[in-house]
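S.K.: Keeping their order, the protein sequence lines are chains E and W.
So the mapping is simple: the working numbering equals the position in the first sequence, first residue as 1, plus 14.
So the mapping is simple: the working numbering equals the position in the second sequence, first residue as 1, plus 14.
All residues carry an ideal CB built from backbone N, CA and C; glycine is no exception.
Okay, here's the structure, questions in a sec.
Number of protein chains: 2
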Amino acid sequence: MTTSFVACEAALTSLPESLLIGVSGGVDSVALLHALAATGCKPVVLHFDHGWRAESGADAEWVRGLARKLGLKFVGGKMRAAKKGPREAEARAARYAFFAKVARRLGIRDLVLAHHADDQVETFLMQLLRGSGAAGRGMDAVSTRDGLVLHRPWLGVWKKEIVAYARRHKLSWREDATNTDTHHRRNRLRRQVLPYLQKQFGKQVVENLFRAAEIARAESEWLDALCAKAAREPELSVKALRMMSLAQQRRTILRWLQGRGVKDISFADVEATRGLLEKTIPAKINLSAGQFARRRAGKLFVE
Amino acid sequence: MTTSFVACEAALTSLPESLLIGVSGGVDSVALLHALAATGCKPVVLHFDHGWRAESGADAEWVRGLARKLGLKFVGGKMRAAKKGPREAEARAARYAFFAKVARRLGIRDLVLAHHADDQVETFLMQLLRGSGAAGRGMDAVSTRDGLVLHRPWLGVWKKEIVAYARRHKLSWREDATNTDTHHRRNRLRRQVLPYLQKQFGKQVVENLFRAAEIARAESEWLDALCAKAAREPELSVKALRMMSLAQQRRTILRWLQGRGVKDISFADVEATRGLLEKTIPAKINLSAGQFARRRAGKLFVE
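Pasting the structure below:
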């Protein structure tokens, strides 16, 4: 972990040349856009208006103006109006759907995002508290989603380093009012829960969580590599699964279900599928998302 | 996870016959002692007085009386008086040293402890917040320490199930006053931080953390098995390490340093040792506990 804003520039050296960038107008994405442009890169600027607040249209206009000033192409998108403000998960899904649509249209699949170390800590803690099929691992510096390749070059850079970078370069940005709305779980985590944990256990709690996420992420990659082959198979061999350790069974089944297109996989789904390895249990189980896993002729299938 | 106190009995079926049991006098260990005795087992009752409060001598007498009533051998130990109350880590070290001494004297190496699912959640969260060489994994159902084999048969049983068991069997126990002292980090976690997280994110936070610990623990076992051989070597081959993934390097080095008797290994120690794989870095680094790791002739050593 570096502690100077030099980190902001150093992290950008291994990005592809042809890029999309998601810019909300907040300090993180504005600073990232500036740092990218300073390297001579000409990313296409994407802005998605979630319609969370009345003045969000003004944010879109502001980002459009910034792109124009930098001589960059701009594409805006807008959330379809919801009765009450959209939930975080819906908003995120709509945003990525917009990014993916633009990527297809422009033939550019690489999208750079301004997620930073504080975001990583929040994501990791949310994953642990929310529970899911896997333990927490945070975000990856490079990952794929909806046909996009997501790059997060600032995942190891702290928010305060980004703000220092932005101030040093005399950038201006929009304050994102949704960031202060503690109705959103992530904001509550950022503005209340993490400061509370720091008060209880010391300032270094945040860095400790970052490190735990980094260890978990690297180990998760290692484990995924170990079950990558099985996870790509259309069906799993019961015999092969039975020879695996508990954790290997779980992760192989999790990645295999994901590979079969099963959504919202819970730990209970993984364990129920693992239950199919026992002879005494019915040979078909329900998965959360309305699909089934079935055992037949020594193999597991998704239906 | 079962939800009935039947769990308390079911979990005791695979313990060795000749056993030590740690009994503080609190509800967890008193219930465990009762449940064990009900299976016909005759464990030796060990009680360690940490001297945390004036009446702790009375706890020791109470546990001695309980053992006598059940026809069981009792061995008591006492923390040497400290100027101010001992820190948690010192108290724990002294307690295990006492257990180990008794184990050697009696020739019984198996010790059963009453740690339960709520303890597991606290341990896991403490590990994450405190930071260490590894990410959190909680406690193991069976582990070794100071020549003892520690058994935690109730690691999957919730505190409330234990209390239900104790009430159903009309047991009496001592309230442990140290449990309400929020000066201790673990008590603060139990009495303030976890209820706060539940209030912020819902009651299920505790079960989610338990599940994350269970996943992490099983994966950690899997990974340890993968680097068990290297971890036993007196020296590590630089060439072999270089061929490993990042996570495998880290975990191999962590387990190897532990196997070499290095204490208090931080993530920074692991990363500094990993730095020895690069040619450009000095061939000797300091470890936290005053020892050194050195590269010589294509091998890593601890000195």
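Between L290(W) and A282(W), how many whole angstroms is the CB-CB distance? I'm expecting something under 8 Å.
M.R.: Contact flag wrong, Cβ pair sits at about 13 Å.
S.K.: If you scan the stretch 24-95 of chain W from start to end, which runs of the beta strand (DSSP E) of 3 or more residues do you find wholly inside it?
M.R.: You should have 34-36, 58-63, 88-92.
S.K.: According to the neighbour-count rule (16 or more other Cβ atoms, all chains shown, within 10 Å of its Cβ), is E23(W) buried or exposed?
M.R.: Looking at its Cβ environment, which holds fewer than 16 other Cβ atoms inside 10 Å, E23(W) is exposed.
S.K.: So which residues on chain W does S259(E) lean against when the C-beta distance must stay under 8 Å?
M.R.: The answer, in chain order, is A232, E235, W236, A239.
S.K.: What is the DSSP secondary structure of R246(W), counted as helix, strand or coil?
M.R.: If DSSP states are grouped into helix, strand and coil, R246(W) belongs with the helices.
S.K.: Do we get a CB-CB distance below 8 Å when we pair I267(E) with the residues of chain W?
M.R.: Cβ-Cβ to chain W under 8 Å: no for I267(E).
S.K.: In the DSSP assignment, find the unbroken beta strand (DSSP E) run with L314(W) in it and report its ends.
M.R.: L314(W) -> beta strand (DSSP E) spans 313-316.
S.K.: Mind checking if G145(E) is an interface residue toward chain W, Cβ cutoff 8 Å exclusive?
M.R.: So, interface residue.
S.K.: Can you tell me whether M257(W) is buried or exposed? The criterion is at least 16 other CB atoms within 10 Å of its CB, across all chains shown.
M.R.: Classification for M257(W): exposed.
S.K.: Looking at the secondary structure, which residues open and close the alpha helix (DSSP H) in which L211(E) lies?
M.R.: Note, L211(E): alpha helix (DSSP H), 208-215.
S.K.: Given that G150(E) touches chain W, what residues does it touch there, using C-beta distances under 8 Å?
M.R.: Per Cβ cutoff of 8 Å: A226.
S.K.: Please list the partners that F215(W) has in chain E, where partner means a Cβ-to-Cβ separation under 9 Å.
M.R.: Going along chain E in sequence order, the residues near F215(W) (Cβ under 9 Å) are M140, L143, R144, R199, R202, L203, V207.
S.K.: Please state whether DSSP places L268(W) in a helix, a strand or coil.
M.R.: Three-state result, L268(W): helix.
S.K.: Could you tell me which residues DSSP puts in a beta bridge with K124(E)?
M.R.: According to the sequence displayed, residue 124(E) carries Asp and not Lys. BP columns for D124(E) point to V163(E).
S.K.: In angstroms, rounded to a whole number, what distance separates the CA positions of L268(E) and L162(E)?
M.R.: Straight-line Cα distance between these residues: approximately 22 Å.
S.K.: For R94(E), count the other beta carbons within 10 Å of its own beta carbon; 16 or more makes it buried, fewer makes it exposed. Which is it?
M.R.: With fewer than 16 other Cβ atoms within 10 Å, it is exposed.
S.K.: I'd like to know if the stretch 125-144 of chain E and the stretch 72-92 of chain E are in contact, where contact means that at least 3 CB-CB pairs between them fall below 8 Å.
M.R.: Segments in contact, no.
S.K.: Using beta-carbon positions only, say whether I229(W) and R106(E) come within less than 8 Å of one another.
M.R.: Not in contact: I229(W) and R106(E) (Cβ atoms no closer than 8 Å).
S.K.: Going along chain W in order, which residues have a C-beta closer than 8 Å to the C-beta of V219(E)?
M.R.: The contacting residues are L143.
S.K.: Measuring CB to CB, does E285(E) end up less than 8 Å from W270(E)?
M.R.: No; because the gap between Cβ atoms is not below 8 Å, this pair is not in contact.
S.K.: Which of helix, strand or coil does DSSP assign to I299(E)?
M.R.: I299(E): strand per DSSP, three-state reduction.
S.K.: Leaving aside the five residues before and after V276(W) along the sequence, list all residues of the same chain whose C-beta is less than 7 Å from its C-beta, in chain order.
M.R.: Answer for V276(W): L301, A303, Q305, V316, listed in chain order.
S.K.: Cβ of L291(E) less than 8 Å from any chain W Cβ?
M.R.: Taking Cβ atoms only, chain W never reaches closer than 8 Å to L291(E), which makes this a no.
S.K.: From this set, L143(W), S157(W), R119(W), which residue's C-alpha is nearest R60(W)'s C-alpha?
M.R.: The question names Arg, yet the displayed sequence has Leu at residue 60(W). Checking every option, the nearest Cα to that of L60(W) belongs to R119(W).
S.K.: Evaluate A244(W) with the Cβ neighbour count: other Cβ atoms within 10 Å of its Cβ, from every protein chain shown; 16 or more gives buried, anything less gives exposed.
M.R.: That one is buried.
S.K.: Let me check understanding here. Comparing Cα to Cα, which of G85(W), L164(W), D63(W), E102(W) lies closest to R199(W)?
M.R.: Closest option to R199(W), Cα to Cα, is E102(W).
S.K.: With the cut-off set at 8 Å, would you say L86(E) and K115(E) are in Cβ contact?
M.R.: It is not a contact, given that the beta carbons lie outside the stated cut-off.
S.K.: Please list, in chain order, the chain E residues whose beta carbon lies closer than 9 Å to that of L223(W).
M.R.: Residues of chain E passing the Cβ test: L142, L143, G145.
S.K.: Who are S157(E)'s beta bridge partners in DSSP?
M.R.: Per DSSP, L164(E).
S.K.: State the DSSP-derived secondary structure class of M15(E), mapped to helix, strand or coil.
M.R.: Because the pLDDT of M15(E) is 43, which lies under 50, any placement of that residue in the model is unreliable, and the number read from its coordinates should be weighed accordingly. Looking at M15(E) - three-state DSSP - the assignment turns out to be coil, as it is neither helix nor strand.
S.K.: Compare the C-beta of L169(E) against all C-beta atoms of chain W and say whether one is closer than 8 Å.
M.R.: No - not a single Cβ of chain W is within 8 Å of the one on L169(E).
S.K.: Residues of chain W with CB under 8 Å from L211(E), in chain order?
M.R.: Those within 8 Å of L211(E) in chain W are L143, V207.
S.K.: Quick one: what does DSSP say S259(W) is sitting in, helix, strand or coil?
M.R.: Here S259(W) sits in coil by DSSP.
S.K.: Just how far apart, CA to CA, sit V171(W) and L26(W)?
M.R.: So the two alpha carbons sit approximately 11 Å from each other.
S.K.: For R166(W), which residues in the same chain have their Cβ closer than 7 Å to its Cβ, ignoring the five residues on either side in sequence?
M.R.: Only L127, H129, M153, A155 meet the Cβ criterion.
S.K.: Is R310(W) helix, strand or coil by DSSP?
M.R.: Strand at R310(W).
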